[in-house]
Structures are given as structure tokens and as C-alpha cells.
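Take the sequence shown: its letter number 553 is residue 554 in our numbering, and every next letter is one higher. We put the beta carbon where it would ideally sit given N, CA and C, even for glycine. From a predicted model like this one, the values you see are computed outputs, not experimental measurements.
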Amino acid sequence: MAFLYHRHLLLLLLHLLLLLLTPAHVAASGGVTFQAILEEARGSNGLAMVLGLRRALHEIPELMFREFRTSAMVQETLASLGIPFQPNFAGTTGVVATIGTGAEPIVALRADMDALPIMEETDVPFKSRHPGKMHACGHDAHTAMLLAAARILQERARAGTLAGTVRLIFQPAEEGGAGGKRMVDGGALRGVSAAFALHVSPKIPAGYVGSRPGMLLAGSGRFNATVWGKGGHAAMPQFTADPILAAAHVVSSLQAIVSRETDPFASRVVSVTQFHGGSADNVIPDTVTLRGTYRATTKEGLADLERRIADIIDAQARVFGCRGSVDYGMMDTVQAAAADDTDTGAAASDGGASGGAASGDAGVSESSAAAEAAEAGGFCSSAGGGTAEGTCSASSTGSTGSSSSSSSSSSSSGHIESSAAEVPPLSEPPAEPLADPLGYDWPPTRIPAYPPTVNDVSMHALGRAVVRKLLGSSAYLEVDPWMAGEDFSFYQEAVPGAMFFLGVGASGENKSGDNNTSQQQQPLPSIPPCSPSMRMPFPSVWRCTWGSWRAFFWRRGHRHRDMCWFLEVDQWMAGEVFSGLEMQAQGQGQGQAQT
2 MAFLYHRHLL
12 LLLLHLLLLL
22 LTPAHVAASG
32 GVTFQAILEE
42 ARGSNGLAMV
52 LGLRRALHEI
62 PELMFREFRT
72 SAMVQETLAS
82 LGIPFQPNFA
92 GTTGVVATIG
102 TGAEPIVALR
112 ADMDALPIME
122 ETDVPFKSRH
132 PGKMHACGHD
142 AHTAMLLAAA
152 RILQERARAG
162 TLAGTVRLIF
172 QPAEEGGAGG
182 KRMVDGGALR
192 GVSAAFALHV
202 SPKIPAGYVG
212 SRPGMLLAGS
222 GRFNATVWGK
232 GGHAAMPQFT
242 ADPILAAAHV
252 VSSLQAIVSR
262 ETDPFASRVV
272 SVTQFHGGSA
282 DNVIPDTVTL
292 RGTYRATTKE
302 GLADLERRIA
312 DIIDAQARVF
322 GCRGSVDYGM
332 MDTVQAAAAD
342 DTDTGAAASD
352 GGASGGAASG
362 DAGVSESSAA
372 AEAAEAGGFC
382 SSAGGGTAEG
392 TCSASSTGST
402 GSSSSSSSSS
412 SSSGHIESSA
422 AEVPPLSEPP
432 AEPLADPLGY
442 DWPPTRIPAY
452 PPTVNDVSMH
462 ALGRAVVRKL
472 LGSSAYLEVD
482 PWMAGEDFSF
492 YQEAVPGAMF
502 FLGVGASGEN
512 KSGDNNTSQQ
522 QQPLPSIPPC
532 SPSMRMPFPS
542 VWRCTWGSWR
552 AFFWRRGHRH
562 RDMCWFLEVD
572 QWMAGEVFSG
582 LEMQAQGQGQ
592 GQAQT
């Protein structure tokens, strides 16, 4: 290709190099060099595959636990590469693949597949074909990059230069559904020695990678509270028990948990994000509902917040003659979305992407109903993951029908026996709902809180060494902890692991706010012979305030609250989609061309 899709290439390379740089792998690689991997990744086949897959996936965004077509595309691509895999993993749309002999060490690389409930309003050729859904958090890019990395890793394995085994995990429901926990409970990490994940970040300029040892992201959960009172006419409040008044005091009192009960050095956040009550101006309602999130940097902190939130809701309601209760981790909006979601699992397609070729996927049905999914609780949204209440049962890996093999066929080394011939074609998506041998609800009614994302010190050091080796010593940025949540934390609870933020921000722009870098930005390092590199300029519209973004989405009837915050977090993807521009920088940025 005539240009280098800079951020995509970096994501692909880091997936590869986090594995290949372990001493055992380097020793067995027979002199495999970074330059050779760079050349292989940037070749016409690799880059075309990345771009084709990403755009094809962008056309078919699907919400959490409903990634039927996305999963089918992943399976089709793996089959074309001759990589064995297990579809419908743990009774979900997840896919787990294996590259290598099955011998130890086994290293897991994870990509998330789900999209968000946002209406995409663009005219780009690869825009979303599913109304009310959009890949605005970069998961289409994550999935495409891991598939492209799989191709090169498979070639290395066939050449005998890949020691050990690579476990590729394509998981559903990162955006608030705790899909990572479900994959872990189902056995996706059986025999795995270490796990790695990447997430794009506009807070870091392209060409840089950020992370930190230890706590990187906070744990997060969600709550759904109800205050019951006694309604009546607003002219006679003495005969009522006003739940609006009680709920208002609940909102105010919840803030005291952080300001008066928490050590100032122990970061916690409690946010009430929804307040619903009443239907007439002159009537005091019977009930008020509150929804929100809570965040802490330790699991003990999360448990303490859950206890105090419940105490305050109950006590403040009783002060005003009402009663209150709180549920944690409710997924009622996901169930509503699943009931209305008619365009993902059953629509037939007359197009697709095989082996990375771009295609239009013109047969996707366009349902007029924009599904309202649960508040996204992962890296790209302000909503949390739920609570530890309502646990998911752990059992051996299951499958659906004859299309998947049982986990009983897994060897002691963790190799998953499967056949590429078992892949359901894109024209025949898996039946829905999927059978669930693990006993989960479908879709789940409760999800656990996301624990803090804590990087293993040694795995972080390995990733940092890869970044410095590939991009130069100044390309690694140690970032500050952030109060967002990510369900990769469930993987890290099971095995040593590390997450890194891949910079996709405008070069030379010193970003501030969440995910600050704790050191001054340096000039973008050169990556010969990969110039000219491609970087995305940010339209001035993305510098709008949080409040104006709220108004932007409310004017368009968008029902998902606080998504404006999410767009600030991953504006690089939204910027590309909303503007339809892919700008090519040559030399010092002279000359631009629209693709």
C-alpha cells in the first residue's frame, strides 16, 4: 500500500513482539529481527488485511453478548489461516484460537469485539449498517489487529521459529458486560503463563505507548436504587411521603462517602448519573429511581462503597418517611436491547471479509430501532461494571451443538482441539440465543464489578522493553492511574498480565486530563523504513466541552447517558468516522491526501 496506517501497524507489532521478545522465544527464533517483523507486517498482504478487516468489522457493530456476525467473521478469518479455534466459547460469541505446538509457555493475547449504542451519522463507505450501533471505542481495530497478528504468528509457527504457544482470545461484552470474566471462568486461560492486552488512547500521541507497573485502572461497579414513598397532589404535601425529596438527599449524602469517609490518598468515586421520578407537574410520585457508578483502586474499596451506598440510601429514605433499596450489577437494559436487536443474529449477508479482504457486507439488515444497551462500563465509558453480587459459575468450557468441541478435549498444555471446518458461514449466523452449558443467564441479568486493572511488574517490564526496542527509549510513557474500568482485570486476577495504551493522538499535542503522562512529551521517534507515517488530525469540534457533547446527543434523541465522556476518551476513532478523513503526513507533515 502507498501509506502506512501508523496506529494499526503499531498495534499489530506490539501483539507480536510482546510474545516474541521473551527470552525463550528469541533464543528459538533463529535470528528473527525487529526489522524483519516490521517489513513483514507492513507488506501489502499484512496492511491490506488489517485495513480490510477493520473496515468490514466497522460496518457490522454489535452490542455486548450479541456479536454474532463479528464472531462469524473472526472464525472465517481464522479458518482461512488454518488456525484451530473453538467458537461459541463458554456459551457466548467468544472465540479462542491456538497457534503453536501447545507446549509451554502459553501466552494469551486478548481483543474485545463489542460495539456501543451510538447512532453513526456519516457518509463514509464503511459506516455502520446497524442503526443505533457504532464501533466508536476501537474494538473493531483491536479485533482486526489481533487477526492480522495471528497471520504472522501462524507463519512463524509453520516455519518453526515460534517457541511455545499463543492463545488468541476474542471476547464479547467488554463494554459493561464483564465478558472477560465469562471467558476466564470458561477456561480461556487454562495453562496460560501470561496475558497481554492493548487499548488505543487519544491521550497519547501516535508513536508512543503508555502504561505503568501496578495499578493502572480502577475497579468499577454500578448501582440501581429505588426510593418508595407515598404520592399525592403537590398542593397537599402533608399527606405524602415525598420520594423526590428523599432521593435528592440521597444524592447529596452519597458524596460524603468520598469527601468525609475516605482517606484522601485512597481514590474513590461515587457518581449518580440518572434520576427518574414523576410524570406530572402537580403530582408527587410514589417512587424515584437512581442509577450510578462507584469506583475504587482496591477490591476492598469497592466492597466498602457497596456497603455504604446501601446504608445511606436506606437511612436517608427513612428520614423522610420513605424506604429505599439498591441493587448492584443489574443488566435490565441489556435484556431490552437483546429483545429489540433484530439485525445482528438473524440477518443474512451476501458479503464478508475472508482472510482480510475488504468487502461491503451489503446484506446487513438495517433495523429502525436503535437498541439501548447497558451503560458501557469499560475503558471508553464512565459506567462501571456492576457488583460482585450475582456471580458467574465457573465450569469447564462448553460449546453449542456440533459446531464446537468440549473443553474435555483440551490437553494439559492448554491446546484447544477444534477444526476450521466447523466455522459457521457468514450467510448462516449462529442460531440465537446460544445455548449456555455453564448455566449463565442469557443475556445475563447481573454482572460483577470490574476489579482494578493491576499490571504485573515483570510483564509490564517486558512490554516496556518491547516498546523501547521498537520505537526508541523515549517512546514509552509512564502514565498516571485512571479511574476508568476494564474487564482485562479478570484475566490479571487469574494469570500475570499487563495492559498497554497505544497512542493514537495527534502528534506533538501534549494532552492533559485523564491518563496524563507523568513525563514531558518528546519529539515523535522515527521508525525507518516505515516513513511516511500516517497520523490523524483532530477536528476542532472534538474540543467541545462535556456539556456541549451532552446536548449534541440529546438533540439527536440518543438515550444513552453521558456518552459524551466516552467520545472524549476515544475521539480518534470517532474523529475518523465522523470526518471520514484519513490524513497522510509526509516528512514533517507537508502534503496531505484523502483516501
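- Rounded to the nearest whole angstrom, the CA to CA distance from A297 to V97 is 31 Å.
- G208 and L472 do touch by the CB rule: their CB atoms are close to 6 Å apart, below 8 Å.
- Closest in C-alpha terms to V270, from the list D312, S221, F240, comes S221.
- Taking a contact as a CB-CB distance under 8 Å, the pair V320 and A226 does not count as one, their CB atoms being some 15 Å apart.
- The distance from the Cβ of L64 to that of P118 is about 6 Å, consistent with a contact at the 8 Å cut-off.
- The shortest CA-to-CA distance from G161 to any of A174, A219, I100, H136 is the one to I100.
- Among the bridge pairs identified by DSSP, D312 is matched with none.
- DSSP places I107 inside the beta strand (DSSP E), whose first and last residues are 107 to 113.
- DSSP places S202 in the strand class (E or B) of the three-state scheme.
- Using a 10 angstroms sphere on the CB of V505, the tally of other CB atoms reaches 16 or more, which defines it as buried.
- A distance below 8 Å between beta-carbons, with the five flanking residues on each side excluded, links S490 to the following residues of its chain, in chain order: G181, L218, G220, Y451, P452, P453, T454, V455.
- Looking at V125, A158, P173, the one whose alpha-carbon comes closest to that of A73 is P173.
- For S326, no alpha helix (DSSP H) encloses it; the enclosing beta strand (DSSP E) starts and ends at 324 to 329.
- Partner residues in the beta bridge of F276, as assigned by DSSP, are L291.
- Judged by DSSP secondary structure, V193 falls outside any alpha helix (DSSP H); it is assigned neither H nor E.
- Here the C-alpha atom of L463 lies approximately 23 Å from the C-alpha atom of E156.
- With contacts defined as CB atoms closer than 7 Å, G322 and D287 fail to qualify as a contacting pair.
- Judged by DSSP in its simplified three-state form, T99 adopts strand.
- Secondary structure at L82: coil, using DSSP grouped into helix, strand and coil.
- Its chain contains L13, E41, A149, R152, I153 as the residues whose beta carbon lies nearer than 8 Å to that of G47, once the 5 sequence neighbours on both sides are disregarded; these appear in chain order.
- With respect to V458, P214 sits close: the two C-beta atoms are nearer than 7 Å.
- If the five residues before and after F501 are omitted, its C-beta is found closer than 6 Å to the C-beta atoms of L199, V210, S212, G464, all from its own chain and listed in chain order.
- A straight-line Cα-Cα distance of about 26 Å links V289 and R261.
- Under DSSP, V270 shares a beta bridge with R296.
- Q36 and D124 have their C-alpha atoms roughly 38 Å apart.
- For I258, no beta strand (DSSP E) run applies; the uninterrupted alpha helix (DSSP H) run containing it begins and ends at 257 to 262, by DSSP.
- The beta carbon of A158 lies closer than 7 Å to those of I100, G101 in the same chain, with the five residues before and after it left out.
- Taking the Cα of L478 as reference, the smallest distance to any Cα among H461, G486, A104 is reached at H461.
- C-alpha of P265 to C-alpha of L255: approximately 16 Å in a straight line.
- Of the residues assessed, V75 falls on the buried side of the cut-off, its CB having 16 or more other CB atoms within 10 angstroms.
- Restricting attention to A485, P497, Y492, the CA atom closest to the CA of S268 is found in A485.
- T274 and M237 have their C-alpha atoms spaced approximately 30 Å apart.
- The residue from I107, H143, A189 with its alpha-carbon nearest to that of G92 is A189.
- Residue pairing by DSSP places M500 opposite A198 in a beta bridge.
- Classified as buried, E176 has 16 or more neighbouring CB atoms from the shown chains inside 10 Å of its CB.
- Comparing C-alpha distances from D481 to each of I205, P62, G178 shows the shortest one belongs to I205.
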